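**Student:** Let me begin by handing over the structure; questions about it come next.
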Amino acid sequence: MATGIVLASNASATGNWFAWPGGRGEFRVEATFGGGTVKLQCKGPNGTAMDVGAAVTLTANGGGIFELGAGEIRASITTATGVYAMALRVPSAAF
Numbered sequence: 003m004a005t006g007i008v009l010a011s012n013a014s015a016t017g018n019w020f021a022w023p024g025g026r027g028e029f030r031v032e033a034t035f036g037g038g039t040v041k042l043q044c045k046g047p048n049g050t051a052m053d054v055g056a057a058v059t060l061t062a063n064g065g066g067i068f069e070l071g072a073g074e075i076r077a078s079i080t081t082a083t084g085v086y087a088m089a090l091r092v093p094s095a096a097f
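Using this note's numbering, read the sequence shown as starting at 3 and increasing by one per residue.
Listed below in structure tokens is the structure:
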């Protein structure tokens with residue numbers, strides 16, 4: 003069973019940081035984009051927000067796969083409204 007973290011629920015602005023246990027995940031988003039972007043970010047070594055990558059930078063409803071070590075993540079929202087975003091951990095045989 004996948005472990006899911008709700009990153010945004012009917013949001014229109016970047017929200018809080020959430021603990022990510024590490025490993026492979028899927029970032030899923032539904033929103034009214036209106037030319038906006040919703041992207042997955044992680045905290046860098048100095049506490050700065052860092053974009054995770056192109057596969058999880060969305061301009062339309064959908065999702066993308068990412069892989070990160072344990073740390074903090076969030077959904078960064080620019081212009082989009084009514085944003086619902088989540089990160090689902092993809093189970094592996096090792097975990």
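In this text, a Cβ means the ideal position worked out from N, Cα and C, and glycines have one as well. In this text the structure is predicted, and so the values were computed from the model without any measurement.
T16 and S78 - do their beta-carbons sit closer together than 7 Å?
**Tutor:** yes
**Student:** From T21 to V54, what does the alpha carbon distance come to, in whole angstroms?
**Tutor:** Strictly speaking, residue 21 in this sequence is Ala, with Thr absent from that position. A21 and V54: Cα-Cα distance of roughly 15 Å.
**Student:** If I follow the unbroken beta strand (DSSP E) through F68, where does it start and stop?
**Tutor:** G64 to L70
**Student:** What does a CB cutoff of less than 7 Å around C44 pick up in its chain, not counting 5 residues either side in sequence?
**Tutor:** M52, V54, L70, G73, E74 and I75
**Student:** Pull up the CB-CB distance for P47 and R91, whole angstroms please, since I reckon it's below 8 Å.
**Tutor:** In fact, because the Cβ distance is near 23 Å, the residues do not count as touching under 8 Å.
**Student:** Are the CB atoms of T81 and T61 nearer to each other than 7 Å?
**Tutor:** no
**Student:** Please report the straight-line C-alpha distance between G36 and M88, rounded to a whole angstrom.
**Tutor:** 20 Å
**Student:** Consult DSSP for V54 and reduce its assignment to one of helix, strand or coil.
**Tutor:** coil
**Student:** Could you compute how far the alpha carbon of V2 sits from the alpha carbon of A56?
**Tutor:** Look at the range of the chain in this structure, 3 to 97, and you will see that residue 2 is not part of it.
**Student:** Between D6 and L42, what straight-line distance do the alpha-carbon atoms span, to the nearest angstrom?
**Tutor:** According to the sequence as given, residue 6 is Gly; it is not Asp. Their Cα atoms are separated by approximately 14 Å.
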